[in-house]
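Right, one structure below, let's go through it.
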Amino acid sequence: MTDQAVQTPASNPAGHPTRVFSGVQPTGNLHLGNYLGAIRNWVPLQDQHPSIFCVVDLHAITTGFEPDLAMKTREIAAAYIACGIDPQRSIIFPQSRVTAHAELTWILNCVARIGWLDRMTQFKDKAGKHKERVSVGLYDYPVLMAADILAYRATHVPVGEDQKQHLELARDIAQKFNNDLGVPGFFPQPEPLILGPTPRVMSLRDGKAKMSKSDPSDLSRINLKDSDEEIAAKIRKARTDPEPIGGTMEEIDAARPEASNLIGIYAALAGKPKADILEQFEGAQFSTFKGELADLAVSVLGPIRTRMADLLTDTANIDKVLSDGADKAAAIAMPILAEAKKAAGFL
Ligand code: TYM
9 MTDQAVQTPA SNPAGHPTRV FSGVQPTGNL HLGNYLGAIR NWVPLQDQHP
59 SIFCVVDLHA ITTGFEPDLA MKTREIAAAY IACGIDPQRS IIFPQSRVTA
109 HAELTWILNC VARIGWLDRM TQFKDKAGKH KERVSVGLYD YPVLMAADIL
159 AYRATHVPVG EDQKQHLELA RDIAQKFNND LGVPGFFPQP EPLILGPTPR
209 VMSLRDGKAK MSKSDPSDLS RINLKDSDEE IAAKIRKART DPEPIGGTME
259 EIDAARPEAS NLIGIYAALA GKPKADILEQ FEGAQFSTFK GELADLAVSV
309 LGPIRTRMAD LLTDTANIDK VLSDGADKAA AIAMPILAEA KKAAGFL
């Protein structure tokens, strides 16, 4: 996976050692966007740096209390492992099991400015017309996310493109904490790592909309739990334009969003640049391309689905991974929280 190799410095200017942190919410079904935009890119990072992968269950309740939250939390942990995260090397744990996340959020709430949160586009998208009726937690979501990262002094955060603005906010919060409390370099400036050819996987039904768990049409996304037949059928039914594949990648990206998305998905699954895929299918009809894409998707996603199902037959083992992970995570975060409280002047 040469395109996945990531060059990250061993430490940042404030001298904090490199540490990777990321997370996924246990809401709804995991989909190809979560896999290609995030989880898959974590796998090579764990070989290079200490890495922490959280199941962000506190974030999951910002849009309502999830039925079966515990089981969904286990499913995400199983997905991490099935996608290649090794619990021996990386820390996998549920956010709610390390109290530092919630406690640091409170301190950071008093650092973040209302004006900063008012600019968050994801809140505007999620709240839509119901701004007055959504939970306070949904509004505060990005501050909790900043606390997740800063509680570990994480320096690198591999995420999909939609999380870029939240990462910028985390940087601003870190900077303001350090300045206001007179503790230069206390928190590092976490860097987003937006990797691979598909930082934003689009819906299979609309090349201008992001693939998302909340899209009412299941045909818009490939779920990691989909059967081989479902994966192939969704790719066959994916929207395209009537032209054969051709032109330059820049032309396709600019004017043919559905074609651009499918070529990107192929490239990401094959671990090759988009230009190589374009060359391979130059002049082909989408019917041919989709057949090959379906075979490729099934060959990558099928084994992940099977492994996830296997892991979930032994929930005691998943619970052990999560609880060992929580102990290791707490051992890092609690002393940092204690220092942050001291810097804030608490008795
Ligand atoms: P969540 O669960 O909404 O998304 C998990 C990850 O999947 C990425 N993603 C996508 N990437 C490409 N194309 C898509 N269509 C697509 N849809 C989702 C997201 O960018 C994300 O990386 N707020 C985070 C969870 C979180 C977090 C954190 C991440 C909470 N605290 C601290 C990093 C660090 C989120 O978006 O979850």
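Positions 9 to 355 (the working numbering) are the ones given, in order, by the sequence shown. Think of the CB as a built atom: it goes at the ideal place given N, C-alpha and C, for glycine as much as any other residue.
Between Pro207 and Gly168 the beta-carbon gap is near 6 angstroms, inside 8 angstroms, which marks them as a contact.
Here the alpha carbons of Ile181 and Ile115 stand approximately 11 angstroms from one another. Taken from the Cβ of Leu44, at least one heavy atom of the ligand TYM lies inside 7 angstroms.
Note that the segment 26 to 34 touches the segment 77 to 92; at least 3 beta-carbon pairs, one per stretch, sit closer than 8 angstroms. Taking a contact to require three or more Cβ pairs closer than 8 angstroms, the segment 51 to 60 and the segment 229 to 239 do not qualify as touching. Every unbroken stretch of the alpha helix (DSSP H) spanning 4 or more residues and falling wholly within the segment 190 to 266 is given here in chain order: 236 to 245 and 257 to 263. The alpha helix (DSSP H) runs of length 4 or more contained entirely in the segment 101 to 174 are, from start to end of the chain, 108 to 117, 122 to 126, 129 to 135 and 144 to 158.
Beta-bridge partners of Ile60 (DSSP): Phe29 and Ile99. Residues of the same chain with a CB within less than 6 angstroms of the CB of Phe289, apart from the 5 flanking positions on each side, are Ile253 and Phe297 in chain order.
In this structure, Arg213 has its beta carbon at no less than 7 angstroms from each heavy atom of the ligand TYM.
The residue among Leu345, Val64, Ala241 and Gly92 with its C-alpha nearest the C-alpha of Arg48 is Gly92. In this structure Cys62 is buried. Its beta-carbon is surrounded by 16 or more other beta-carbon atoms within 10 angstroms. In the DSSP annotation of this structure, the continuous segment of the alpha helix (DSSP H) that includes Ala68 starts and ends at Asp65 to Ala68. Not one heavy atom of the ligand TYM is found less than 7 angstroms from the C-beta of His164. In the assembly as shown, Asn187 is an exposed residue. Its beta-carbon has fewer than 16 other beta-carbons within 10 Å. As the crow flies, the alpha-carbon of Trp50 is around 23 angstroms from that of Ile239. Residue environment: Leu355 is assigned as exposed (fewer than 16 neighbouring CB atoms within 10 Å of its CB, all protein chains considered).
Residues of the same chain with a CB within less than 8 angstroms of the CB of Ser220, apart from the 5 flanking positions on each side, are His39, Gly41, Ser211, Ser228 and Arg229 in chain order. Annotation for Val64: Gly31, Gln33 and Gln103 place their beta carbon closer than 6 angstroms to its own, counting only its chain and skipping 5 residues before and after.
Taken from the Cβ of Lys218, at least one heavy atom of the ligand TYM lies inside 7 angstroms. Beta bridge pairing from DSSP links His39 with Asn231.
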